[in-house]
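A.B. asks:
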Amino acid sequence: MAEELDRRILAELDVTGHVNSYDFATKLGVDHQLVVGAVKSLQSVGDVIHVEQKRKERWETTGEGNEVAERGSHEAIVFHAVDRDRGTLQADLMKSSPNAKVGFSKAMSAGWIRLDKEATVHRKVESITDTVQELLKAIRDGRVGDATDAQLKDLKKRKLVSLVIIKSLDVTKGTNFSTSVQKLETDLTPEMLTAGNWKDKKFKEYNFDARGVLPASGHLHPLLKVRTEYRQIFLEMGFTEMPTNNFVESSFWNFDALFQPQQHPARDAHDTFFIKEPKCAHEFPMDYLERVKKVHSEGGYGSQGYKYDWKIEEAKKNILRTHTTAVSARMLYKLAQVFAEGKASLDLLHLTRLSLQDKFKPVKYFSIDRVFRNETLDATHLAEFHQIEGVVADYDLTLGDLIGVLHQFFSKLGIKKLRFKPAYNPYTEPSMEVFSYHEGLKKWVEVGNSGVFRPEMLRPMGLPDDVSVIAWGLSLERPTMIKYGIDNIRDLIGHKVNLQMVYDNPLCRLNKTTKT
Ligand code: PHE
2 MAEELDRRIL AELDVTGHVN SYDFATKLGV DHQLVVGAVK SLQSVGDVIH VEQKRKERWE
62 TTGEGNEVAE RGSHEAIVFH AVDRDRGTLQ ADLMKSSPNA KVGFSKAMSA GWIRLDKEAT
122 VHRKVESITD TVQELLKAIR DGRVGDATDA QLKDLKKRKL VSLVIIKSLD VTKGTNFSTS
182 VQKLETDLTP EMLTAGNWKD KKFKEYNFDA RGVLPASGHL HPLLKVRTEY RQIFLEMGFT
242 EMPTNNFVES SFWNFDALFQ PQQHPARDAH DTFFIKEPKC AHEFPMDYLE RVKKVHSEGG
302 YGSQGYKYDW KIEEAKKNIL RTHTTAVSAR MLYKLAQVFA EGKASLDLLH LTRLSLQDKF
362 KPVKYFSIDR VFRNETLDAT HLAEFHQIEG VVADYDLTLG DLIGVLHQFF SKLGIKKLRF
422 KPAYNPYTEP SMEVFSYHEG LKKWVEVGNS GVFRPEMLRP MGLPDDVSVI AWGLSLERPT
482 MIKYGIDNIR DLIGHKVNLQ MVYDNPLCRL NKTTKT
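Residue numbers for the sequence shown follow this note's numbering, beginning at 2 and rising by one.
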């Protein structure tokens, strides 16, 4: 098509010596932009054609103007609706046509009709000439010359016509004019080089203003982009990522190791997805499991425990993990193991406690991964979501350390104002909900949960008595929805996700200098 147009433009130039892109497009019945494109491509081929920009103004009838051209002006319609002999009640006349009100006042000022004291409208003249209709017909058919400037102004005021500006190109023959244009080469190929015929070819000039073609590539989902930002913050703070690649977890690691009693409501079918196949996990560190059993049923380490009959059958049940704190529990247990092994070798050598301290290495861990809860679904809740979790284990950590690290963490997200509210988790004491002041919403919103892990959780693992562990968690979905202005979680995950949203969304840069 494009080449075909090139040829036709050149043929027309050859005959008439002049082509206007707009008129030519109208004549051929093709889109004006196509002709403009063809002219531009001819223009790039040396001096074949000469091009000048043209700006034309043209009167066109509007939608309403076309209707008037068809059916007559509003005032003419009103005039014809008035009964020739007895006249028509004004109220009835107003109902006779959609634009009767305008038509009535125009017909009055034109002197076509009059209104008597009984509110009846009468014709004042025998017949009328509907000039407005005639003018609009003429303009519609391209005969603007029939209208005076004053008439055009009036029609424009009545929104029956409008002045449109048409930019077009005026084309005349160039110094190298020819009806057959050699196609310019765009690439210097190895074949041309070996054959040597590149010498006879004409090459297209570089267009440094051209936009490059966007390379096809994959696109990260907003959740993954925000995850990357959080990961970066943890890495900057010296945290190490925990392995979170097990969605299926035993109740033991998800609940029991965390000192969550077996009758805890969160365990029942409303909140937890239980696995049917395989229903149970079988491999546990049995000595540790015994200590967990003991701390639940009898207490220890200064605690009374829950004083109930702890059952291994309950701990064995496989579930989809309900929080990533299950992973933290596994990692802390591992850490205690390393310490215990070190301690054993030290005991053998009868070393002092001072050198023993060196054997426990303080750690900073984080994870960002998926968790599952059997919840009622709504605009902000799904049965699966992502948790962000930070854990620090060191000697003598206090609530003050937790508050400090939370301030540091959230300030890296641009959140400076924090407030803490006492809360309850079975595995932390004290526990705090974290609130931040949202400048946009002008209120305090909950941004996370945190606490100091209980001795009932840490001591059975075998961590040193004076090591404490502080931790906090938040959801990944919430900051992502705020960041990308998504107010229904189903637009973020699931079958209703618009892939264009994933394609178009910009890189995530959490606003680190101002409030978020
Ligand atoms: N596990 C908690 C939750 O699911 C979050 C949390 C993590 C709380 C660590 C305290 C400490 O909400």
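Every residue gets a Cβ at the ideal spot worked out from N, C-alpha and C, and that includes glycine.
For S432, which residues from the same chain have a beta carbon less than 6 Å from its beta carbon, with the 5 sequence-adjacent residues on both sides left out?
C.D. replies: A424, Y425, N426, G452
A.B. asks: How would you write the range of the beta strand (DSSP E) that L43 sits in, first residue to last?
C.D. replies: Run containing L43: none in the beta strand (DSSP E); it sits in the alpha helix (DSSP H), 33 to 44.
A.B. asks: In the DSSP assignment, the beta strand (DSSP E) including L259 goes from what residue to what residue?
C.D. replies: Here L259 belongs to no beta strand (DSSP E), and DSSP marks it neither H nor E.
A.B. asks: Three-state secondary structure (DSSP) at V393?
C.D. replies: strand
A.B. asks: Hey, quick one: how far does the alpha helix (DSSP H) through Q54 stretch, first residue to last?
C.D. replies: Here Q54 belongs to no alpha helix (DSSP H); instead the beta strand (DSSP E) covers 50 to 62.
A.B. asks: Have a look at Y428, V435, E390 and flag the residue whose alpha-carbon is nearest the alpha-carbon of H408.
C.D. replies: V435
A.B. asks: For K484, which of helix, strand or coil comes out of DSSP?
C.D. replies: DSSP places K484 in helix when its eight states are reduced to three.
A.B. asks: Run through DSSP, which three-state label would F421 get?
C.D. replies: Of the three classes helix, strand and coil, the one that applies to F421 here is strand, per DSSP.
A.B. asks: Is S451 near ligand 1, judged by its Cβ being under 8 Å from some heavy atom?
C.D. replies: yes
A.B. asks: Tell me which residues share the same chain as Q501 and place their Cβ nearer than 8 Å to its Cβ, disregarding the 5 neighbours each side in the sequence.
C.D. replies: none
A.B. asks: Is any non-hydrogen atom of ligand 1 found closer than 8 Å to the C-beta of A472, if you look at the structure I gave you?
C.D. replies: yes
A.B. asks: In the DSSP assignment, the alpha helix (DSSP H) including I78 goes from what residue to what residue?
C.D. replies: 75 to 82
A.B. asks: How many Å lie between K413 and R510 at the Cα?
C.D. replies: 12 Å
A.B. asks: Mind checking who K365 pairs with in its DSSP beta bridge?
C.D. replies: According to DSSP, residue pairing for K365 in a beta bridge involves V393.
A.B. asks: How many angstroms separate the CA atom of D7 from the CA atom of S169?
C.D. replies: 16 Å
A.B. asks: Could you tell me how far apart the beta carbons of Y504 and H297 are, in whole angstroms, since I believe they sit closer than 8 Å?
C.D. replies: Contact doesn't hold; Cβ gap of about 51 Å is too wide.
A.B. asks: Over the uninterrupted beta strand (DSSP E) stretch that includes A472, give me the two end residues.
C.D. replies: 468 to 476
A.B. asks: Below 7 Å CB to CB, which residues in the same chain sit around A82 once its five sequence neighbours on both sides are set aside?
C.D. replies: Non-local C-beta neighbours of A82 in its own chain, meaning closer than 7 Å and more than five positions away in sequence, comprise T89, L94, S97, S98, ordered along the chain.
A.B. asks: Closer than 6 Å by C-beta to A316: which residues in its own chain qualify, once you throw out the five before and the five after it? Chain order, please.
C.D. replies: S252, F253, D257
A.B. asks: With V328 and P461 assumed to form a contact (beta carbons below 8 Å), what rounded beta-carbon distance in angstroms separates them?
C.D. replies: V328 to P461, Cβ: 18 Å. No contact.
A.B. asks: Could you compute how far the alpha carbon of Q263 sits from the alpha carbon of W311?
C.D. replies: 7 Å
A.B. asks: Can you tell me whether DSSP reads R144 as helix, strand or coil?
C.D. replies: coil
A.B. asks: By the DSSP assignment, the alpha helix (DSSP H) with M109 in it spans what residues?
C.D. replies: 101 to 110
A.B. asks: Check whether the stretch 139 to 154 touches the stretch 9 to 27, taking contact to mean three or more Cβ pairs, one atom from each stretch, closer than 8 Å.
C.D. replies: no
A.B. asks: Along the chain, where does the alpha helix (DSSP H) containing L1 start, and where does it finish?
C.D. replies: Missing from the structure shown is residue 1; the chain here goes from 2 to 517 and no further.
A.B. asks: Please indicate yes or no: does the CB of E390 lie closer than 8 Å to some heavy atom of ligand 1?
C.D. replies: yes
A.B. asks: For the beta strand (DSSP E) that M287 lies in, which residues bound it at each end?
C.D. replies: Segment 287 to 298 is the alpha helix (DSSP H) holding M287; no beta strand (DSSP E) there.
A.B. asks: Quick check: the Cα distance between Y302 and N255, rounded to an integer number of angstroms?
C.D. replies: 21 Å
A.B. asks: Quick check: what's the CA-CA separation for D32 versus S22?
C.D. replies: Rounded to whole angstroms, D32 to S22 spans 10 Å at the Cα level.
A.B. asks: Is the Cβ-Cβ distance between F361 and R371 less than 9 Å?
C.D. replies: No, these two residues do not count as a Cβ contact at 9 Å.
A.B. asks: Which residues in the same chain as A270 place their Cβ atom closer than 8 Å to its Cβ, once the five residues preceding and following it in sequence are excluded?
C.D. replies: N375
A.B. asks: Of the choices K107, Y231, Q91, whose alpha-carbon is the least far from that of A120?
C.D. replies: Nearest C-alpha to A120: Q91.
A.B. asks: Measure the C-alpha to C-alpha separation of E457 and P223 and round it to an integer number of angstroms.
C.D. replies: 39 Å
A.B. asks: On the DSSP bridge list, what partners appear for K318?
C.D. replies: C281
A.B. asks: Using a threshold of 8 Å, is the CB atom of S329 nearer than that to any non-hydrogen atom of ligand 3?
C.D. replies: Absence of ligand 3 from the depicted structure is noted, with ligand 1 being the only ligands included.
A.B. asks: Answer yes or no: the CB of N375 versus the heavy atoms of ligand 1, is any distance below 8 Å?
C.D. replies: no
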